[in-house]
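S.K.:
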Amino acid sequence: MIKTDILIIGAGPTGLFTVFEAGLLKMKCHLIDALAQPGGQCAEIYPKKPIYDIPGFPEILAGELVDNLMNQCKQFEPGFTLGERADKFKKLDDGTFIVTTNKGTKHHAKIIAIAGGLGSFEPRKPILENLQRYEDNGVNYIIKDPQKFKNKSVVIAGGGDSALDWTIYLADICKSVTLVHRRNEFRGALDSVDKVIELKNKNKVNVITPAEIIKLHGKEKLEKLTIKINNDLEKEISTDFFIPLFGLSPKLGPLSEWGLEIEKNAIKVDTFDYQTNIPGIFAIGDINTYKGKLKLILCGFHEATLMCQSAYKILNPGKNLILKYTTVSGVQGFDGTKKEAEKAVVKSINS
Amino acid sequence: MDDISISIKDRKGKIHSVSAPTDMAMNLMELVRSYEIEEEGTIGTCGGMAMCASCQCYILSAHQIKEMEDDEEAMLSEAFFVKDNSRLSCQISITKDLDGLEFEIAPAS
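Residue numbers (the working numbering), protein chains in the order written: chain A, 1 to 351; chain B, 1001 to 1109.
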């Protein structure tokens, strides 16, 4: 069981900044994120896009902002449970919470801060009859263990980086790899496209474009697919696996069943401290809603800061708290580091 | 007066005739959100970067709309429910020549 003061669900910019603000008040944080790396949308969807409205940064790439936030909070030694989705929560008699992920990892905390952005990123599924029947029975949306596909035949659909990257990777270990895309052009890193062309020329992978999968067949498990080529010719091919890679889309998912008050696909909070209708559970950043809400990173930072004041009072009942300025007090990390302003040199002119 | 009229068919088939400003650098996705025509969180989830296709629409009137750029075309090639008149509404800026435009919001996916 992972124990922490504040359990943050979502490791995007707001979640990462919460670690810093909580750290200033000596509260320890642990973050859960469905993605494999911290940074949320900034890291997953648009790391190379510039952001122009982070105060003090005329222009910063989303990926750089994440790197900076990681750097800023690292002395407070946050813990991470990555690649897992917070699924269930239970409130214990003493008012603390247990949060369990989809992989069964349990976390114990007195405070939960939901900083889940637009929700957890789930694979976008193609619209195909019987798709559900073959899920985990020949159809996979996420490749967790590539060895599962060793010496098997695989059909990948999609035109982005992940479709290209997995085609390249699996070409080495699978019996056959077929990449199917609706267009002749691929949207991915140029060297990945070149590599796939090279593999195709060496007959190591099949590339079928413009084409799409229109039917799945098989009794117990997936056995065959129907591919429609050039919007005309239909062809059946045998395969062990079908891996549709059409990107990710955010879903509120299991959080919507926690008993939180939901409005407009977001969690309603009190603007005093961004607490939800469940005492001890806060919601900050893009995932919350209140009158006048703006989904901006800078608003998430503000909400995180205010939330930490209330969290402190819950964790330290009876203790008074006064806002401290980092310029005055410096920053004392949990790792033993201390950052502080240099003292001004005082020297008399007449001495 | 810098406003134009636009007709939007929502996902349930209801038609909304709205007034759209041409001087606010707004796009059609933002117009839909500003009138709260679809539930927040189901349209424009990437914020308008042509990266999610949640704002896909079908252009119903005969207006000449600026051609797709590569990112829009690529995103639509991976989207669902795509038709010949599909566009990403976040990529279409509201300009005076779009007065009288009619479009339909594609199903959520």
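Note that the Cβ used here is the ideal one computed from N, Cα and C, for glycine as well.
1. Bridge partners for Arg-1087 (chain B) per DSSP, in chain order?
2. Nearest chain B C-beta to Glu-135 (chain A) closer than 9 angstroms, yes or no?
3. What does DSSP give as the partner residue(s) for Thr-289 (chain A) in the beta ladder?
4. How far does the beta strand (DSSP E) with Cys-1052 (chain B) in it reach, from first residue to last?
5. In this structure, does DSSP put Asp-136 (chain A) in helix, strand or coil?
6. Would you report the Cα separation of Leu-298 (chain A) and Arg-133 (chain A), rounded to the nearest angstrom?
7. By the three-class DSSP mapping on this structure, what secondary structure does Val-180 (chain A) have?
8. Do we get a CB-CB distance below 9 angstroms when we pair His-217 (chain A) with the residues of chain B?
9. Should the stretch 21 to 30 of chain A be called in touch with the stretch 308 to 316 of chain A, which here means at least 3 C-beta pairs below 8 angstroms?
10. Considering Leu-296 (chain A), what are the terminal residues of the alpha helix (DSSP H) in which it resides?
11. So which residues of chain B does Ser-249 (chain A) contact, with C-beta pairs closer than 8 angstroms?
12. So, are the CB atoms of Ala-1074 (chain B) and Gly-158 (chain A) less than 9 angstroms apart?
13. Give every residue of the same chain whose Cβ lies closer than 8 angstroms to the Cβ of Lys-204 (chain A), excluding the five residues on either side of it in the sequence, and list them in chain order.
14. Mapping the DSSP letters down to three states, classify Phe-186 (chain A) as helix, strand or coil.
15. Are the CB atoms of Ala-1053 (chain B) and Asp-1112 (chain B) within a distance shorter than 9 angstroms?
16. Considering only C-alpha positions, which residue in the set A:Asp-145, A:Lys-48, A:Asn-130 and A:Asp-191 is nearest to Glu-223 (chain A)?
17. Nearest chain A C-beta to Thr-1042 (chain B) closer than 9 angstroms, yes or no?
18. The alpha helix (DSSP H) that contains Ser-329 (chain A), what's its start and end?
19. Fully enclosed by the stretch 31 to 82 of chain A, which alpha helix (DSSP H) runs are 4 residues long or longer?
20. So which of A:Gly-188, A:Leu-179 and A:Asp-194 has the shortest CA-CA distance to Pro-210 (chain A)?
21. Check the Cβ of Glu-1038 (chain B) against every Cβ in chain A and list those closer than 9 angstroms, keeping chain order.
22. Any idea what DSSP makes of Asp-961 (chain B), helix, strand or coil?
23. Once DSSP output is grouped into helix, strand and coil, what is the label at Lys-1009 (chain B)?
24. Quick one: list the residues of chain B neighbouring Arg-85 (chain A), beta-carbon separation under 9 angstroms, in chain order.
25. Apply the 10 Å Cβ neighbour rule to Val-345 (chain A) and answer buried if 16 or more other Cβ atoms are within range, or exposed otherwise.
26. Look up Asn-206 (chain A) in the DSSP assignment and say whether it is helix, strand or coil.
27. Restricting to Cα atoms, I'd like to know which of A:Gly-138, A:Pro-254, A:Leu-315 and A:Lys-228 is closest to Phe-242 (chain A).
28. Who are the Cβ neighbours of Lys-152 (chain A) in its own chain at under 7 angstroms, not counting the five residues just before and after it?
29. Keeping to the same chain, check which residues put their C-beta closer than 7 angstroms to that of Phe-20 (chain A); ignore five residues upstream and five downstream.
30. Using only the alpha-carbon positions, how far apart do Lys-230 (chain A) and Val-207 (chain A) sit?
31. For Ala-113 (chain A), which option in A:Lys-219, A:Gly-336, A:Tyr-274 and A:Val-331 has the closest C-alpha, if you only look at C-alpha atoms?
32. Establish whether the CB of Asn-201 (chain A) and some CB of chain B are separated by less than 9 angstroms.
33. Can you give me the C-alpha to C-alpha distance between Ala-355 (chain A) and His-1063 (chain B), rounded to a whole angstrom?
34. Quick check: Phe-149 (chain A) and Leu-69 (chain A), are their CB atoms within less than 9 angstroms of each other?
35. Name the residues in the stretch 1068 to 1092 of chain B whose C-beta lies less than 7 angstroms from a C-beta of chain A; which are they?
36. So which of A:Asp-335, A:Pro-244 and A:Ala-341 has the shortest CA-CA distance to Val-328 (chain A)?
M.R.: Well, looking at it:
1. Stepping through the second sequence from its first residue, residue 1087 (chain B) is reached at position 87. Answer by DSSP bridge pairing, in chain order: B:Cys-1057.
2. As a first step, residue 135 (chain A) must be located in the first sequence, where it is residue number 135. For Glu-135 (chain A), the answer is no, since every Cβ of chain B falls outside 9 angstroms of its Cβ.
3. Residue 289 (chain A) sits at position 289 when you count from the first residue of the first sequence. Paired residues: A:Lys-268.
4. Indexing the second sequence from 1 puts residue 1052 (chain B) at position 52. Unbroken run through Cys-1052 (chain B): none, as it is neither H nor E.
5. Residue 136 (chain A) sits at position 136 when you count from the first residue of the first sequence. It is coil, neither helix nor strand.
6. To locate residue 298 (chain A), count along the first sequence from 1; it is residue 298. To locate residue 133 (chain A), count along the first sequence from 1; it is residue 133. Cα-Cα distance, rounded: 44 angstroms.
7. What you label residue 180 (chain A) is simply residue 180 of the first sequence in a count that begins at 1. Strand, per DSSP.
8. As a position in the first sequence, residue 217 (chain A) is number 217, starting the count at 1. Not an interface residue.
9. yes
10. Numbered from 1 along the first sequence, position 296 holds the residue referred to as residue 296 (chain A). Premise fails: Leu-296 (chain A) is in no alpha helix (DSSP H) and is neither H nor E.
11. In the first sequence, counting from the first residue as 1, residue 249 (chain A) sits at position 249. Chain B residues near Ser-249 (chain A): Thr-1045, Cys-1052, Ser-1054 and Ser-1109.
12. Position 74 of the second sequence, counting from 1, holds the residue named residue 1074 (chain B). Position 158 of the first sequence, counting from 1, holds the residue named residue 158 (chain A). Against a cut-off of 9 angstroms, the Cβ pair of Gly-158 (chain A) and Ala-1074 (chain B) comes out as no contact.
13. The residue given as residue 204 (chain A) occupies position 204 in the first sequence. Here the set comprises Ala-171 and Val-177.
14. Reading the first sequence from its first residue, position 186 is the one you call residue 186 (chain A). Residue state, collapsed to three classes: coil.
15. Given a span of 1001 to 1109 for chain B in the structure shown, any question on residue 1112 (chain B) remains unanswerable.
16. As a first step, residue 223 (chain A) is located in the first sequence; it is residue number 223 there, counting from the start. Selected option, being the one with the closest Cα: A:Asn-130.
17. As a working mapping, residue 1042 (chain B) is identified with position 42 in the second sequence. Closer than 9 angstroms: yes.
18. Taking the first residue of the first sequence as 1, we reach residue 329 (chain A) at position 329. Here the alpha helix (DSSP H) through Ser-329 (chain A) covers 326 to 329.
19. 40 to 44 and 62 to 73
20. What you label residue 210 (chain A) is simply residue 210 of the first sequence in a count that begins at 1. For the residues A:Gly-188, A:Leu-179 and A:Asp-194, the minimum Cα distance to Pro-210 (chain A) belongs to A:Leu-179.
21. For the purposes of this step, residue 1038 (chain B) is taken as residue 38 along the second sequence, with counting starting at 1. Result: empty, since nearest Cβ-Cβ is about 10 angstroms, beyond 9 angstroms.
22. Any answer about residue 961 (chain B) is impossible in this case: the structure gives chain B only from 1001 up to 1109.
23. Along the second sequence, one-based indexing puts residue 1009 (chain B) at 9. Three-state DSSP puts Lys-1009 (chain B) in a strand.
24. One-based indexing of the first sequence puts residue 85 (chain A) at position 85. Neighbours of Arg-85 (chain A) on chain B: none; closest Cβ ~18 angstroms, over 9 angstroms.
25. Indexing the first sequence from 1 puts residue 345 (chain A) at position 345. Exposed, by the Cβ-count rule.
26. One-based indexing of the first sequence puts residue 206 (chain A) at position 206. The answer is strand: DSSP assigns Asn-206 (chain A) an E or B state.
27. As a working mapping, residue 242 (chain A) is identified with position 242 in the first sequence. When each option's Cα is compared against that of Phe-242 (chain A), the closest is A:Gly-138.
28. Residue 152 (chain A) sits at position 152 when you count from the first residue of the first sequence. Only Cys-174, Lys-175, Asp-240 and Phe-241 meet the Cβ criterion.
29. Here the question's residue 20 (chain A) lines up with position 20 in the first sequence. Closer than 7 angstroms at Cβ, skipping near neighbours: Gln-72, Cys-73 and Phe-76.
30. Reading the first sequence from its first residue, position 230 is the one you call residue 230 (chain A). Reading the first sequence from its first residue, position 207 is the one you call residue 207 (chain A). For clarity, residue 230 (chain A) is Asn in the given sequence; the question names Lys instead. Approximately 13 angstroms between the Cα atoms of the pair.
31. To locate residue 113 (chain A), count along the first sequence from 1; it is residue 113. Closest option to Ala-113 (chain A), Cα to Cα, is A:Tyr-274.
32. Locating residue 201 (chain A) in the first sequence gives position 201, where the first residue counts as 1. No, because no Cβ of chain B sits closer than 9 angstroms to the Cβ of Asn-201 (chain A).
33. An answer regarding residue 355 (chain A) cannot be provided, because it is not within the stretch 1 to 351 covered by chain A.
34. For the purposes of this step, residue 149 (chain A) is taken as residue 149 along the first sequence, with counting starting at 1. For the purposes of this step, residue 69 (chain A) is taken as residue 69 along the first sequence, with counting starting at 1. No, these two residues do not count as a Cβ contact at 9 angstroms.
35. Ala-1074, Ser-1077, Glu-1078 and Phe-1080
36. The residue given as residue 328 (chain A) occupies position 328 in the first sequence. Checking every option, the nearest Cα to that of Val-328 (chain A) belongs to A:Ala-341.
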